[in-house]
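**Q**
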Amino acid sequence: MELFFNFNTDADPAADPFNPARNTASPPDTEHPQGGKPELSQWFTPTWAAERLFDHYFSSLPRGSTVCEFSCGRGNFLRAIPEYHHAFGVEIDPELARLAEINTGRPVITGKFEEVKLPDAIDAFVGNPPFVAGILDTFLHRMHRHLRFGGSAGMILPVYAFQFSSRVRRYNELFSIRQDLIPGKQMFPGLSHPLCFALFTKETRPVLVNFTLFGDIHEINRMRPELKRTAINDVSPKGIWHRITFQALQSFGGQARLDTLYDYISPRRPSPNAWWKEKIRQTCCKYFTRLDTGLYALPETGTDTLAAS
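Just so we're aligned, residue 0 is where the sequence shown starts under numbering that gives the first Met the number 0, counting upward by one.
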């Protein structure tokens, strides 16, 4: 298994915290160097860590599951997979592929992960992909095509892989995602960026675990500019949905039916939330006066104003 970060190759290697030359870890038990190939910023995950991670995240796999270690390097994850599973690796480097087969006694396909032939139904992927622009996206799409429903892909990633809500949302359209911090700096002396273990699970209704505010900021970023400014600058505890529903009721003389509110708010809604009608109903029930079924009005007291909200 390899840890591979590709930054500006023109930078001074001595200043690159990911340069294998800065690794002070003990030498491996094979002839292949601990740091892999310096020009690729390639390190290998300790065997003990691969074993612990697989046991922690994949111990519930039924016996006889098909498991693939992608970008397997010398096969540390492949070696950690119990013998009662059908396991194989994929590695682009022929030398490392041969070494992984020797180390694990399991088959390793030589070639690019996005191009090699894979079984139609795989129960789990595990590995440590090269984190280069576009590569993770390519790998995840390939995994999604081959994973059974309920199957997962687990991998070590730099935490900044999830720093942008748009990227998280894009991945979340395919998978449920869970991410947990791991002690990367102690596992790989010299690293300056925190690492996580991310689990991508193919499910009918994907969710996010250990991601807070990502959905909110993604929706805010997709708002029309004037609404985005309002949302960002709004200090009201009642929020943007109250503000726009208040404006809708005000534009209809202080009262309106839900269908009328939907028609007014639809082109102005502050987010692409699929449950926006439910959000409007919830806002009406919480902040405005119900006159009849589906009919709401501004409070008669006049205390609920935008200035006061």
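Ideal placement from N, C-alpha and C gives every residue a C-beta, glycine not left out.
Starting from residue 144, follow the alpha helix (DSSP H) in both directions and report where the run begins and ends.
**A** Run containing residue 144: 134-145, per the alpha helix (DSSP H) assignment.
**Q** Taking residue 121 as the reference, which of 67, 137, 134 has the closest Cα?
**A** It is 67 whose Cα lies nearest to the Cα of residue 121.
**Q** So is residue 273 buried or exposed if we call it buried at 16+ other beta carbons inside 10 Å?
**A** Exposed, because fewer than 16 other Cβ atoms sit within 10 Å of the Cβ of residue 273.
**Q** Quick check: what's the CA-CA separation for residue 325 versus residue 168?
**A** Nothing can be reported for residue 325, as the shown portion of the chain is limited to 0 through 308.
**Q** Are the beta-carbon atoms of residue 107 and residue 82 separated by less than 7 Å?
**A** Against a cut-off of 7 Å, the Cβ pair of residue 82 and residue 107 comes out as no contact.
**Q** Quick check on the DSSP output: the beta strand (DSSP E) that includes residue 162 runs from which residue to which?
**A** Counting along the chain, residue 162 falls outside any beta strand (DSSP E), and DSSP gives it neither H nor E.
**Q** Please classify residue 69: does DSSP put it in a helix, a strand, or coil?
**A** Strand, per DSSP.
**Q** By the 10 Å Cβ neighbour count, where 16 or more other Cβ atoms means buried, how is residue 241 classified, buried or exposed?
**A** Under this definition residue 241 is a buried residue.
**Q** Say the cut is 6 Å; is the CB of residue 195 nearer than that to a heavy atom of the ligand HEM?
**A** Judged by which ligands are present, the structure shown has none, so any question about the ligand HEM falls away.
**Q** So, helix, strand or coil for residue 105, using DSSP?
**A** It is coil, neither helix nor strand.
**Q** Identify whether residue 80 lies in helix, strand or coil by the three-state DSSP scheme.
**A** Reduced to three states, the DSSP call for residue 80 is coil.
**Q** Quick test of the definition: if touching needs 3 or more C-beta pairs under 8 Å, does the stretch 142-152 touch the stretch 198-214?
**A** At 8 Å Cβ cutoff, the stretches touch.
**Q** To the nearest angstrom, report how far apart residue 248 and residue 267 are at their CA atoms.
**A** Distance between the alpha carbons of residue 248 and residue 267 is about 14 Å.
**Q** Which residue wins for smallest C-alpha separation from residue 131, given the options 125, 156, 265?
**A** Considering only alpha carbons, the answer is 156.
**Q** Determine the DSSP secondary structure at residue 293, reduced to helix, strand or coil.
**A** Here residue 293 sits in coil by DSSP.
**Q** Can you round the beta-carbon distance between residue 296 and residue 254 to whole angstroms, since I take them to be within the 8 Å contact cut?
**A** Confirmed, Cβ separation roughly 4 Å.
**Q** Should residue 252 be labelled buried (16 or more other beta-carbon atoms within 10 Å of its own) or exposed?
**A** Its Cβ having fewer than 16 others within 10 Å, residue 252 is exposed.
**Q** What does the Cβ neighbour count give for residue 159, buried or exposed, with the cut at 16 atoms within 10 Å?
**A** Exposed is the call here.
**Q** Under the three-state reduction of DSSP, which class applies to residue 90: helix, strand or coil?
**A** Of the three classes helix, strand and coil, the one that applies to residue 90 here is strand, per DSSP.
**Q** Just to confirm the assignment, what range does the alpha helix (DSSP H) spanning residue 250 have?
**A** From DSSP, the alpha helix (DSSP H) with residue 250 extends over 238-250.
**Q** Expressed to the nearest angstrom, what Euclidean distance is found between the alpha-carbon atoms of residue 95 and residue 43?
**A** Cα to Cα, residue 95 sits roughly 11 Å from residue 43.
**Q** When you compare the CB positions of residue 105 and residue 86, do they come within less than 7 Å of one another, or not?
**A** Yes.
**Q** At the level of alpha carbons, what is the spacing between residue 197 and residue 141?
**A** If I take the Cα positions, the gap works out to 17 Å.
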